[in-house]
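Residue numbers (the numbering used here): 8 to 173.
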């Protein structure tokens, strides 16, 4: 910017010198110099105005880009929250299904053991061992679900703490 201004001043001085040399009378030379200087000043003002307009346009474009980036970040955060909520709902539904199916399985096993107990003592032993095996497997499944749920909750709270103190 400074170099450009220096160049313009040098050009103005050269033009003034040329006008003074070419024109015969000093009055005419002075008038021409005044006109030339005024025209050059007007051109410089126009150039400065154009530069200011370009800078303002650039600032507006940068602000618009920043706003777009902020909108994109907010939408991605909202989408992530929705996905996490959906995952939590699915896990809760799975846990409910597992717990309800275990109770129905236990009821069915008790009913079958009552029915088969009328047949023979061996079937009673078999059904009780079956019920013990199934109940233990159900408790194992429940424990696994509890572990998975606690891991997910720990992970979510940890990530929330990380975000809070990041």
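Built from N, CA and C at the ideal position, the CB exists for glycine as well.
Do the CB positions of residue i and residue j come within less than 9 Å of each other?
i           : j           : result
residue 41  : residue 19  : no
residue 51  : residue 15  : yes
residue 73  : residue 152 : no
residue 163 : residue 78  : no
residue 94  : residue 160 : no
With a CB to CB cut of under 8 Å and the five nearest residues on each side skipped, what residues in its chain are close to residue i?
i           : result
residue 97  : none
residue 156 : 98, 102
residue 150 : none
residue 22  : 43, 47
Once you ignore the five residues that flank residue i on each side, which residues in its own chain have a CB closer than 7 Å to its CB?
i          : result
residue 48 : none
residue 70 : none
Is any heavy atom in the ligand SAH found nearer than 8 Å to the beta carbon of residue i?
i          : result
residue 13 : Looking at this structure, you won't find the ligand SAH or any other ligand, since it has none at all.
Looking only at its own chain, which residues have a Cβ that is under 6 Å from the Cβ of residue i, when we skip the five neighbours before and after it?
i          : result
residue 68 : none
Checklist entry - Counting Cβ pairs, one atom from each stretch, are 3 or more of them under 8 Å apart for the stretch 50-63 and the stretch 76-96? => result no
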